[in-house]
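Heads up: the structure comes next, in structure tokens.
Protein chains: 2
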Amino acid sequence: MKWEDLSSEPCLISRTLAVVGDRWTMLILRDCFAGVRRFAEFQAKLGISRTIVAQRLAALVEEGVLQKNAYQDRPVRYEYRLTEKGLDLYPLVLGMFEWGRKHYPMQEGVPVIHQHTACGQDFHPVTTCSECGDEVTARSVKARSGPGLPDGYRAA
Amino acid sequence: MKWEDLSSEPCLISRTLAVVGDRWTMLILRDCFAGVRRFAEFQAKLGISRTIVAQRLAALVEEGVLQKNAYQDRPVRYEYRLTEKGLDLYPLVLGMFEWGRKHYPMQEGVPVIHQHTACGQDFHPVTTCSECGDEVTARSVKARSGPGLPDGYRAA
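So the protein lines, in turn, are chains A and B.
Heads up, the first sequence is in my numbering, so the first residue is 134 and it goes up one at a time.
Heads up, the second sequence is in my numbering, so the first residue is 134 and it goes up one at a time.
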């Protein structure tokens, strides 16, 4: 399989990775959630080439994850903002933070504290069941084939 | 920044990506959660070179995400199983599935259905607040600097 073929795999994880699984893309999205909007700031924060930043931003715009808007006329300058589809990636961003917090803690303490504005408390994310509301873990989930699974594939 | 420097960034998302953000690694982990354990099966499922599979598996073993055990003596054959640390990646895998389900649905229907064995119902994952139990979204979270955030960094 080639990386370019991921988006047509009969696997929803592959399809997600086809969009956000690229090396620098998740870091660009992290910066988007931190409020970064302008090309120069993305580039300065990541310290990678303009070409890589430009390609990744263009791909995210094409997929509807980011929206590109002119914020200035002469010269024209653009900013990149998360769309609703992009905001839906937040559980993934939080999930990565949480795994890092648990398994790669920093000596100085956490770099970021998350507050749930609805209840006012600092929190960590918990993945729960939409039906009963309890936490779900790898051990409490059973996967079975759905209608979209081709023969020879295994449910995950 | 170079990809190799990610693990020393003062960012827990970077540190997670340093371990699982590599192109094929998340797909290998997906297969681990689907019960794949043997080298030949990883390779057959992904259709990528032996070298890539071997490198990714070795890196995951080194990080303690997978455990490598001999399951046969002559010739020696190994299997790879998720450790507790590896199982902790399940929210990420589910989160990727969920984003794909919502934004890249398949015409034939979902390929996989997840059942929460604790309550017996088919479910989708919901990311919730550890304190109040309600759903958290990008819009209901405020991030602020923690003790580990160096000057000049922005909380995300």
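Note that the Cβ used here is the ideal one computed from N, Cα and C, for glycine as well.
- Contact annotation: residue 159 of chain B and residue 139 of chain A have beta-carbon atoms that are not nearer than 8 Å.
- DSSP links residue 245 of chain A through a beta bridge to B:278.
- Interface criterion not met: the Cβ of residue 216 of chain B is under 8 Å from no Cβ in chain A.
- Listed in chain order, the positions of the segment 225 to 237 of chain A with a beta carbon within less than 9 Å of a beta carbon of chain B are 225, 226, 227, 228, 229, 230, 231, 232, 233, 234, 235, 236 and 237.
- Using beta-carbon distances, residue 250 of chain A counts as an interface residue toward chain B, with a partner under 8 Å.
- Taken atom to atom, the span from the alpha-carbon of residue 225 of chain A to that of residue 207 of chain B is near 43 Å.
- For chain A, the residues of the segment 261 to 282 of chain B that bring a beta carbon within less than 8 Å of one of its beta carbons are 261, 262, 263, 264, 265, 266, 267, 269, 270, 271, 272, 273, 274, 275, 276, 277, 278, 279, 280, 281 and 282, in chain order.
- Restricted to the segment 213 to 272 of chain B, the beta strand (DSSP E) segments that are unbroken, complete and at least 3 residues in length are 245 to 249 and 258 to 262, listed in chain order.
- DSSP assignment within the segment 146 to 218 of chain B yields the following whole alpha helix (DSSP H) runs of 4 residues or more, N-terminal first: 158 to 166, 172 to 179 and 183 to 195.
- Ranked by Cα distance from residue 284 of chain B, the first of B:143, B:135, B:134 and B:136 is B:143.
- By the Cβ rule, the segment 251 to 265 of chain B counts as touching the segment 249 to 266 of chain A, because three or more pairs are nearer than 8 Å.
- Only residues of its own chain outside the window of five on either side were considered, and among them 257 and 258 have a CB closer than 8 Å to the CB of residue 231 of chain A, listed in chain order.
- Exclusion of the five residues before and after residue 189 of chain B leaves 155, 157, 158 and 161 as the residues of its chain whose Cβ lies within less than 8 Å of its Cβ.
- Around the beta carbon of residue 272 of chain A, fewer than 16 other beta carbons sit within 10 angstroms, so the residue counts as exposed.
- For a Cβ distance threshold of 8 Å, residue set 276, 277, 278, 279 and 288 of chain B lies close to residue 246 of chain A, ordered along the chain.
- Here residue 229 of chain B is buried. Its C-beta has 16 or more other C-beta atoms within 10 Å.
- By the neighbour-count definition (other C-beta atoms within 10 Å, threshold 16), residue 209 of chain A is an exposed residue.
- The C-beta of residue 147 of chain B comes closer than 8 Å to at least one C-beta of chain A.
- With a contact defined as Cβ atoms closer than 8 Å, residue 237 of chain B and residue 145 of chain A qualify at about 7 Å.
- Under the criterion of beta carbons closer than 8 Å, residue 170 of chain A and residue 212 of chain A qualify as touching, at roughly 4 Å.
- Listed along chain B, the residues sitting closer than 9 Å to residue 256 of chain A by beta-carbon distance are 261, 262, 263, 264, 265, 269 and 274.
- Within the same chain, 215 come within 6 Å of residue 165 of chain A by CB-CB distance, once the 5 residues on both sides are set aside.
- Of A:221, A:180, A:177 and A:152, the smallest CA-CA separation from residue 270 of chain B is found for A:221.
- Under a criterion of Cβ atoms nearer than 7 Å, the residues of chain B adjacent to residue 223 of chain A are, in order, 270 and 271.
- An exposed status is given to residue 204 of chain B, since fewer than 16 other beta-carbon atoms sit within 10 Å of its beta-carbon.
- The alpha-carbon of residue 193 of chain B is positioned some 11 Å away from that of residue 186 of chain B.
- Distance check between residue 241 of chain A and each of B:163, B:174, B:167 and B:282 places B:282 closest, using alpha-carbon atoms only.
- Within the model, the alpha-carbon separation for residue 247 of chain A versus residue 172 of chain B is close to 39 Å.
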